[in-house]
Amino acid sequence: MKAFILAAHGKVSMTEKEKPQTGYGELLVKIYAASLNHRDQWIREDRYPGIKTGVTIGSDGAGVVEAAGCTQDDSWVGKEVIINPNINWGPDPAAQSGDFQILGMPVDGTFAEYVKVACDRVHKKPDHLSMEQAAALPLGGLTAYRALFTNGGLKAGEKVLINGIGGGVAQFAFQFAMAAGAEVWVTSGQKGKIKFAAERGAKGGFLYTEENWPDEALKSTDRGFDLVIDSAGGDQLNQLIDVLQPGGRLVIYGATTGVPSSLNLRKIFWKQIRLQGSTMGNDKEFEEMLAFVSRHKIEPIMEEPLPFDRIEDALDKMKEGKQLGKLVVKMD
Ligand SMILES: NC(=O)c1ccc[n+]([C@@H]2O[C@H](COP(=O)([O-])OP(=O)(O)OC[C@H]3O[C@@H](n4cnc5c(N)ncnc54)[C@H](OP(=O)(O)O)[C@@H]3O)[C@@H](O)[C@H]2O)c1
5 MKAFILAAHG
15 KVSMTEKEKP
25 QTGYGELLVK
35 IYAASLNHRD
45 QWIREDRYPG
55 IKTGVTIGSD
65 GAGVVEAAGC
75 TQDDSWVGKE
85 VIINPNINWG
95 PDPAAQSGDF
105 QILGMPVDGT
115 FAEYVKVACD
125 RVHKKPDHLS
135 MEQAAALPLG
145 GLTAYRALFT
155 NGGLKAGEKV
165 LINGIGGGVA
175 QFAFQFAMAA
185 GAEVWVTSGQ
195 KGKIKFAAER
205 GAKGGFLYTE
215 ENWPDEALKS
225 TDRGFDLVID
235 SAGGDQLNQL
245 IDVLQPGGRL
255 VIYGATTGVP
265 SSLNLRKIFW
275 KQIRLQGSTM
285 GNDKEFEEML
295 AFVSRHKIEP
305 IMEEPLPFDR
315 IEDALDKMKE
325 GKQLGKLVVK
335 MD
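Sequential numbering from 5 applies to the sequence shown in our numbering.
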């Protein structure tokens with residue numbers, strides 16, 4: 005079968021691999037569509053922990069179950085499914101166990117014609133989504149759900165700022181917050197993306213490339229935001245603290261631009277700010293996220309799907325930050 009692997013440190017390539025054999029408790033899923041996460045680009049750049057060469061990358065996928073290695077789960081064969089990429093979260097809902105892994109490194113992932121997963125990793129594809137839309141959902145949807153609701157405690161009517169709306173996770177955070185009845189604001193490096201969000205109900209947006217955007221945000225929101233959701237990190241973190249209301253919450257799930265060179269600790273304690281880290285989500289949150297998406301008929305914001313052979317082009321686009329929402333590849 006065709007598979008897109010990490011061929012060497014810093015080098016990815018399309019190759020031929022043996023079709024996986026399922027063992028007891030495993031399912032073989034024929035992939036119809038897969039989606040990219042920034043994690044795949046970090047792996048390609050050799051900037052991710054636990055990297056192993058030869059592994060098929062890709063955490064997100066949707067397809068049809070072709071074979072079951074366990075008799076009690078034969079009922080899955082022929083069903084359209086999406087895959088939960090979270091492996092071994094463990095018993096504590098508050099944080100993942102030491103055995104936690106993510107599909108697509110160090111175990112073979114979804115950028116292949118077939119992937120082998122444990123029976124409890126598959127879920128019925130939401131009816132209102134196409135295969136391509138469903139493939140966009142798992143990792144980004146799960147991360148956004150936990151960041152906003154479990155860790156961010158978002159309530160209807162609150163003001164929330166989603167930093168960097170063009171991102172795959174960010175667009176889910178935007179859509180989930182809208183569906184939850186929050187007042188949603190966004191930032192972006194590109195005006196067109198702010199306009200796109202405003203047309204879909206965002207109250208307003210700010211160009212994070214403009215130095216005075218926090219002043220503008222404070223003026224527009226009367227004292228600032230209840231909640232800010234961020235994955236950019238870097239020195240901008242101090243600006244995100246500036247735009248929070250006293251008692252506000254900042255949830256961080258990434259550090260795309262690195263760590264801050266300094267952090268305004270005095271502002272954090274004086275304004276009674278809560279800083280909260282967030283990573284993916286547990287299995288219960290995955291199920292809740294799927295139910296939320298089905299209930300609100302949420303469709304991922306995504307670019308036009310590309311053929312599977314063009315994964316590298318899609319990764320290039322992600323590296324340059326040109327995309328709006330999720331990048332998806334589909335099998336022929
Ligand atoms: N902890 C976890 O479980 C978890 C899960 C998923 C992702 N992540 C991390 O979160 C980050 C985003 O992942 P993704 O898959 O959503 O990536 P992505 O689709 O590539 O999105 C990246 C987005 O980040 C925004 N951005 C870049 N520089 C920025 C800046 N200086 N200020 C504000 N926003 C900026 C851009 O938004 P605009 O285009 O609007 O400018 C860009 O589109 C990555 O670092 C990833 O590793 C962590």
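Cβ coordinates follow ideal geometry from the N, Cα and C atoms, glycine included.
- Listed as beta-bridge partners of His127 by DSSP are Ile86.
- Straight-line spacing of the CA atoms in Ala202 and Gly58 works out to 43 Å.
- Looking only at Val121, Trp93, Gly144, Gly262, the smallest Cα-Cα distance to Lys23 is reached by Val121.
- Gln249: member of the beta strand (DSSP E) spanning 248-256, first to last residue.
- Spanning the alpha carbons of Phe104 and Pro250 requires a straight line of approximately 35 Å.
- DSSP, reduced to helix, strand and coil, places Glu214 outside both helices and strands of the structure shown, so it counts as coil.
- Across the set Ile302, Arg314, Thr26, Lys129, the C-alpha of Thr26 shows the shortest separation from the C-alpha of Glu70.
- For Gln45, the CB contacts under 7 Å within the same chain, skipping 5 residues up- and downstream, are Leu319, Met322, Lys323 in chain order.
- Counting only residues whose CB is nearer than 5 Å to a non-hydrogen atom of ligand 1, the list in chain order is Asn41, His42, Thr147, Asn167, Gly168, Ile169, Gly170, Gly171, Gly172, Val173, Ser192, Gly193, Lys197, Tyr212, Ser235, Ala236, Tyr257, Gly258, Thr260, Thr261, Thr283, Met284, Met322, Gly325.
- In the structure shown, the three-state DSSP call for Leu294 is helix.
- DSSP lists Met306 as the bridge partner or partners of Lys330.
- DSSP lists Phe210 as the bridge partner or partners of Thr191.
- For Gly145, the enclosing alpha helix (DSSP H) covers residues 142-149.
- Note on geometry: alpha-carbon atoms of Leu10 and Asn268 lie some 39 Å from one another.
- Remark: C-beta atoms of Val173 and Thr147 approach each other more closely than 7 Å.
- Ala7 is positioned such that its CB atom lies no closer than 7 Å to that of Ala66.
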